[in-house]
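Residue numbers (UniProt numbering): 1 to 441.
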């Protein structure tokens with residue numbers, strides 16, 4: 001083997017991330033150890049920093065130098081670099097540099113590799129995606145250096161609502177997802193983990209104090225994907241998927257919600273990503289909504305569809321105590337609503353409450369009584385008698401009492417009753433609530 005060819009072969013071996021003993025290199029090159037030592041000196045003379053460690057565990061390794069020497073790439077590495085340079089597009093300030101590097105690489109590519117790269121470029125089409133913000137290379141490298149050196153970042157930040165804030169954070173990881181870059185960091189002022197969009201950051205220099213690294217609470221990519229999806233979509237809903245949870249976990253994308261066990265048929269999926277409530281679908285499995293879709297305000301949005309068709313007698317329904325003190329028999333449920341019977345004994349008075357998530361429509365079956373409702377500055381007392389229908393909108397504080405024959409009401413609640421334990425908020429009404437006996441189960 002000629003000296004020039006042997007030097008290129010030696011350089012290729014040294015570029016692999018490992019230490020080589022002189023004997024190993026001599027065996028690979030089929031030369032003596034003395035020739036290997038002479039070739040190492042020739043490479044050093046050409047500007048390649050070849051480091052040597054003495055001893056039984058020592059060897060040769062190519063180190064970092066003051067200037068970038070020529071690199072040797074195999075076929076697959078050269079194609080990968082060329083494709084990467086062609087598809088770079090989410091970082092500003094490197095477009096011209098990428099084209100110059102690509103031109104140099106393609107000029108020296110063998111024809112067989114150049115044809116592979118050109119074929120991929122000719123017969124592949126990049127899908128038109130949503131226009132995403134672009135980030136400066138200097139911003140990314142500055143943030144990455146702060147992550148490496150454990151230095152606090154001080155930066156101006158534009159919130160999702162468009163507000164301007166100033167933040168101090170301990171940076172940990174930069175995540176590239178789709179056409180956006182995110183920083184996972186510990187927010188010093190808020191004492192909690194936060195995910196920041198890098199294109200909304202304007203870092204200040206110099207960096208702040210050094211910090212002791214914390215343990216990351218979870219896989220950073222999952223955190224970014226869940227957080228970004230939750231912020232980007234208008235509606236949120238719970239969906240029951242009639243399929244095993246492990247199968248659903250394999251098939252879902254992290255950007256489309258979380259999987260958790262359901263308390264009844266199927267498995268519940270917190271489906272955060274949907275352009276509208278009717279757009280929730282998982283093809284191949286039957287899905288039904290539970291709890292109703294919700295907008296950013298948390299207010300229930302219309303939904304339809306049965307969980308399963310049901311038939312139940314009011315006498316067979318279990319009787320439970322509502323937060324306002326009335327005896328309730330939950331009956332049939334829809335995907336976004338439920339039907340129940342409420343009852344007060346003669347002369348009993350409920351507690352005054354308001355609902356955080358549930359709205360109701362009442363229909364008086366029999367008995368008599370009165371209903372007090374207040375929303376904002378509006379307040380009224382309504383006499384209750386059979387055949388009367390009335391509503392309790394979200395956030396309305398209400399209280400009701402029964403006459404001498406008691407009070408029985410049927411109601412539609414949306415989303416399905418009961419809500420969360422914190423759903424009923426205690427309030428102050430016009431009447432003193434009386435002690436109510438526990439219902440018979």
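Glycine included, every Cβ here is placed at the ideal spot set by N, Cα and C. The structure displayed is predicted, hence computed values, not measured ones.
Nearest-angstrom Cα distance between residue 334 and residue 416?
Numbered from 1 along the chain shown, position 334 holds the residue referred to as residue 334. Numbered from 1 along the chain shown, position 416 holds the residue referred to as residue 416. Approximately 7 Å, taken between the alpha carbons.
Can you give me the start and stop residues for the beta strand (DSSP E) that residue 117 sits inside?
Looking up residue 117 in the chain shown gives position 117. Run containing residue 117: none in the beta strand (DSSP E); it sits in the alpha helix (DSSP H), 111-123.
Do you know whose CA, among 379, 355, 406 and 317, lies nearest residue 445's CA?
Absent from the structure is residue 445, since the part of the chain shown begins at 1 and ends at 441.
Looking at the ligand MG, does it come within less than 7 Å of residue 203, judged from the CB to the closest heavy atom?
In terms of ligand content, the structure shown is empty, and the ligand MG therefore cannot be addressed.
Taking a contact to mean a Cβ-Cβ separation below 8 Å, would you say residue 195 touches residue 224 in this structure?
Walking along the chain shown from the start, residue 195 turns up at place 195. Walking along the chain shown from the start, residue 224 turns up at place 224. Yes, these two residues count as a Cβ contact at 8 Å.
Quick check: the Cα distance between residue 36 and residue 83, rounded to an integer number of angstroms?
Residue numbering aside, residue 36 sits at position 36 when the chain shown is read from its first letter. Residue numbering aside, residue 83 sits at position 83 when the chain shown is read from its first letter. Going from the Cα of residue 36 to the Cα of residue 83 covers about 35 Å.
Scan the stretch 120-199 and note each continuous beta strand (DSSP E) run of 3 residues or more that stays entirely inside, going in chain order.
153-158, 164-177, 180-187 and 192-197
Along the chain, where does the beta strand (DSSP E) that runs through residue 203 open and close?
In the chain shown, residue 203 corresponds to position 203, counting from 1. Counting along the chain, the beta strand (DSSP E) containing residue 203 begins and ends at 201-204.
Considering only C-alpha positions, which residue in the set 169, 144 and 147 is nearest to residue 156?
On the chain shown, position 156 is the one that residue 156 refers to. Closest option to residue 156, Cα to Cα, is 169.
Note down the Cα distance separating residue 371 from residue 402, rounded to an integer number of angstroms.
Stepping through the chain shown from its first residue, residue 371 is reached at position 371. Stepping through the chain shown from its first residue, residue 402 is reached at position 402. Each residue's alpha carbon lies about 9 Å from the other.
Just confirm the distance between the C-beta atoms of residue 171 and residue 185, as a whole number of angstroms; I'd bet it's less than 8 Å.
Position 171 of the chain shown, counted from the first residue, corresponds to residue 171. Position 185 of the chain shown, counted from the first residue, corresponds to residue 185. With a Cβ gap of about 5 Å, residue 171 and residue 185 count as contacting.
Under a three-way DSSP split, which group does residue 374 fall into?
On the chain shown, position 374 is the one that residue 374 refers to. For residue 374, the secondary structure class from DSSP, reduced to helix, strand or coil, is strand.
Return the chain-ordered ranges of every beta strand (DSSP E) run that is complete within the stretch 29-55 and spans a minimum of 3 residues.
50-53
Have a look at the DSSP bridge pairing and note the partners of residue 382.
Numbered from 1 along the chain shown, position 382 holds the residue referred to as residue 382. DSSP lists 371 as partners of residue 382.
Taking the continuous beta strand (DSSP E) assigned at residue 413, which residues delimit it?
The count along the chain shown starts at 1 and reaches residue 413 at position 413. According to the DSSP assignment, residue 413 belongs to the beta strand (DSSP E) that extends over 397-414.
Note the first and the last residue of the continuous alpha helix (DSSP H) segment covering residue 331.
Against the chain shown, residue 331 aligns to sequence position 331. Taken as a continuous stretch (DSSP letters only), residue 331 belongs to no alpha helix (DSSP H), being part of the beta strand (DSSP E) at 327-333.
Across the stretch 365-385 and the stretch 408-415, are there enough close Cβ pairs to call them in contact, namely three or more that are closer than 8 Å?
yes
Return the residue from the list 214, 182 and 198 that minimises the CA-CA distance to residue 222.
Position 222 of the chain shown, counting from 1, holds the residue named residue 222. Of the listed residues, the one whose Cα sits closest to residue 222 is 182.
Grab the span of the alpha helix (DSSP H) containing residue 3 for me, first residue to last.
Counting from 1 along the chain shown, the entry for residue 3 is found at position 3. Residue 3 -> alpha helix (DSSP H) spans 3-14.
I need the straight-line Cα distance from residue 294 to residue 189, nearest angstrom please.
Reading the chain shown from its first residue, position 294 is the one you call residue 294. Reading the chain shown from its first residue, position 189 is the one you call residue 189. Here residue 294 scores only 44 on pLDDT, less than 50, and its place in the model is too uncertain to base an answer on.
Return the CA-CA distance between residue 394 and residue 328, expressed in angstroms with no decimal places.
Within the chain shown, the letter at position 394 stands for residue 394. Within the chain shown, the letter at position 328 stands for residue 328. Each residue's alpha carbon lies about 19 Å from the other.
Please report the distance separating the alpha-carbon of residue 412 from that of residue 385.
Translated into positions along the chain shown, residue 412 becomes position 412. Translated into positions along the chain shown, residue 385 becomes position 385. About 18 Å.
Using three-state DSSP, classify residue 366 as helix, strand or coil.
The sequence position of residue 366 within the chain shown is 366, counting from 1. DSSP places residue 366 in strand when its eight states are reduced to three.
Given this structure, state the Cα-to-Cα distance separating residue 175 from residue 388, to the nearest angstrom.
In the chain shown, the residue the question calls residue 175 occupies position 175. In the chain shown, the residue the question calls residue 388 occupies position 388. Taking the straight line joining both Cα atoms gives about 58 Å.
My assumption, with CB atoms under 8 Å, is that residue 86 sits in contact with residue 102. Please give the rounded CB distance.
Working through the chain shown from its first residue, we reach residue 86 at position 86. Working through the chain shown from its first residue, we reach residue 102 at position 102. The Cβ separation is near 7 Å, so the contact holds.
Terminal residues of the continuous beta strand (DSSP E) containing residue 390?
Your numbering for residue 390 matches position 390 in the chain shown. Here the beta strand (DSSP E) through residue 390 covers 389-392.
Could you work out which residue in 59, 32, 348 and 163 is closest to residue 14 when comparing CA atoms only?
In the chain shown, residue 14 corresponds to position 14, counting from 1. Closest in C-alpha terms to residue 14, from the list 59, 32, 348 and 163, comes 59.
Grab the span of the beta strand (DSSP E) containing residue 323 for me, first residue to last.
Here residue 323 refers to the residue found at position 323 of the chain shown. According to the DSSP assignment, residue 323 belongs to no beta strand (DSSP E), since it is labelled neither H nor E.
Relative to the C-alpha of residue 317, which residue among 342, 323, 359 and 114 is closest?
What you label residue 317 is simply residue 317 of the chain shown in a count that begins at 1. Nearest of 342, 323, 359 and 114 to residue 317, Cα basis: 342.
Is residue 361 helix, strand or coil by DSSP?
As a first step, residue 361 must be located in the chain shown, where it is residue number 361. Note: residue 361 maps to strand in three-state DSSP.
Is it a yes or a no for the stretch 108-118 touching the stretch 41-51, going by three-plus beta-carbon pairs under 8 Å?
no
In whole angstroms, give me the CA-to-CA distance for residue 430 and residue 325.
Locating residue 430 in the chain shown gives position 430, counting from the first residue. Locating residue 325 in the chain shown gives position 325, counting from the first residue. Straight-line Cα distance between these residues: approximately 16 Å.
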